[in-house]
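Undergrad:
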Amino acid sequence: MMAGIQGQVLEVTVVGCQKLKDTEWFSRQDPYVVLEYSSTRHRTRTCTDGGKNAVFQEKFMFTLLEGLRDLKVAVWNSNTLSADDFIGNATIKLQKALSEGYDDCTWTLQSKNGRYAGEVRLILHYAAAKKQNYGSAPYAPQVPHHSAAPSPYSSVPYSGPSLYPQVQYSQPQSVYPPASAYPPQPSAYPPPPSASAYPPAPSAYPPGPSAYPPQQSPYYPQGPYPGQYPPPPY
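Using this note's numbering, you'd call the opening residue of the sequence shown number 1 and step up by one each time.
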């Protein structure tokens, strides 16, 4: 009979994916895997240009809870300028690993509409099963370590959502300078009058009266010729 699992540690190795549904049209997709158990989530690195067949070889540790014997796995395509694309997910049953201490299996992924979306290979280790069921019997063979795999105790828990992780977008920089947070202050002094102020200053014209009377012309007599009228006959 299987003993209690509360507080025990389950080791999960994400080996890789194959035959993944392709979510890219013009380039190779960049898959990554998210594991979720209760409120604990872990995320693998992104396999750049992994396409339909991605290799990870990464190991993660989960603390087990009594009554929860399912592990959720989802595969995503990482995007730079838009939201990540969901490829497929699956629910992993832990009965075999918890009873035998070891389970190496390939699980089928399903898309959002329930169609085949590829496969993911996981290796599960449960060390407590050796003490509970086998006593001092030899334990299942260990998974060989790869140089690309991170330390199982240095993995940082994945804090993103389990189904649709949010992607941070870079905000485009505006070509305009930012507006001032304060309105412009009124000037303490009125501006000087403009040089073209209206109406114009009064003119100095018409000129004043001349100080000299007009002189008679020496060429033309003024008025009728002096003498008798009518003039005497010649």
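Note that the Cβ used here is the ideal one computed from N, Cα and C, for glycine as well.
Of the choices K130, S39 and D103, whose alpha-carbon is the least far from that of T13?
TA: Working through the sequence shown from its first residue, we reach residue 13 at position 13. Ranking K130, S39 and D103 by Cα distance to T13 puts D103 first.
Undergrad: Counting C-beta neighbours from all protein chains within 10 Å, is the total for F26 16 or more, i.e. buried, or is it exposed?
TA: Working through the sequence shown from its first residue, we reach residue 26 at position 26. It counts as exposed.
Undergrad: Would you mind listing the alpha helix (DSSP H) stretches within the segment 20 to 53 that are 4+ residues and don't spill past its ends, in chain order?
TA: Listed in chain order, there is nothing to give.
Undergrad: State the Cα-Cα distance for the pair K21 and A74, rounded to the nearest angstrom.
TA: For the purposes of this step, residue 21 is identified with residue 21 of the sequence shown, where counting begins at 1. For the purposes of this step, residue 74 is identified with residue 74 of the sequence shown, where counting begins at 1. So the alpha carbons of these two residues sit roughly 13 Å apart.
Undergrad: Is it buried or exposed, K59, if we count other Cβ atoms within 10 angstroms and call 16 or more buried?
TA: Your numbering for residue 59 matches position 59 in the sequence shown. K59 should be labelled buried.
Undergrad: Taking the C-alpha atoms as reference points, what is the distance between V15 and L124?
TA: Counted from its first residue, the sequence shown places residue 15 at position 15. Counted from its first residue, the sequence shown places residue 124 at position 124. The alpha-carbon atoms of V15 and L124 are separated by roughly 11 Å.
Undergrad: Please determine, among K130, V34 and T40, the residue with the shortest C-alpha to C-alpha distance to S78.
TA: On the sequence shown, position 78 is the one that residue 78 refers to. Nearest of K130, V34 and T40 to S78, Cα basis: V34.
Undergrad: Going by other Cβ atoms of all chains shown within 10 Å of its Cβ, with 16 needed for buried, is L81 buried or exposed?
TA: The sequence position of residue 81 within the sequence shown is 81, counting from 1. By the 10 Å Cβ count, L81 comes out exposed.
Undergrad: Q18 by DSSP, collapsed to three states: which one?
TA: In the sequence shown, residue 18 corresponds to position 18, counting from 1. Residue state, collapsed to three classes: strand.
Undergrad: CA-CA distance, D70 and R28?
TA: What you label residue 70 is simply residue 70 of the sequence shown in a count that begins at 1. What you label residue 28 is simply residue 28 of the sequence shown in a count that begins at 1. Looking at the two C-alpha atoms, the distance is approximately 32 Å.
Undergrad: Give the single residue among Q18, K131 and E36 whose Cα lies nearest to the Cα of L94.
TA: Start at 1 with the first residue of the sequence shown, and residue 94 comes out as number 94. Answer by Cα proximity: E36.
Undergrad: Please report the distance separating the alpha-carbon of C17 from that of S99.
TA: Against the sequence shown, residue 17 aligns to sequence position 17. Against the sequence shown, residue 99 aligns to sequence position 99. Using only the alpha carbons, I get a separation of about 26 Å.
Undergrad: Per DSSP, what kind of secondary structure is A90 in: helix, strand or coil?
TA: What you label residue 90 is simply residue 90 of the sequence shown in a count that begins at 1. In this structure, A90 counts as strand in the three-state DSSP scheme.
Undergrad: Give the range of the beta strand (DSSP E) segment to which E119 is assigned.
TA: On the sequence shown, position 119 is the one that residue 119 refers to. Y116 to H125 is the extent of the beta strand (DSSP E) around E119.
Undergrad: What residues are listed by DSSP as bridge partners for D84?
TA: Residue mapping note: residue 84 aligns to position 84 of the sequence shown, counting from 1. D84 pairs with nothing; no bridge assigned.
Undergrad: For C105, tell me which candidate among A97, G51 and K112 has the shortest Cα-Cα distance.
TA: Sequence index remark: in the sequence shown, residue 105 carries index 105 (1-based). That would be A97, whose Cα lies nearest to the Cα of C105.
Undergrad: Could you give the residue range of the alpha helix (DSSP H) that holds Q110?
TA: Working through the sequence shown from its first residue, we reach residue 110 at position 110. No alpha helix (DSSP H) contains Q110, which is instead part of the beta strand (DSSP E) from Y102 to Q110.
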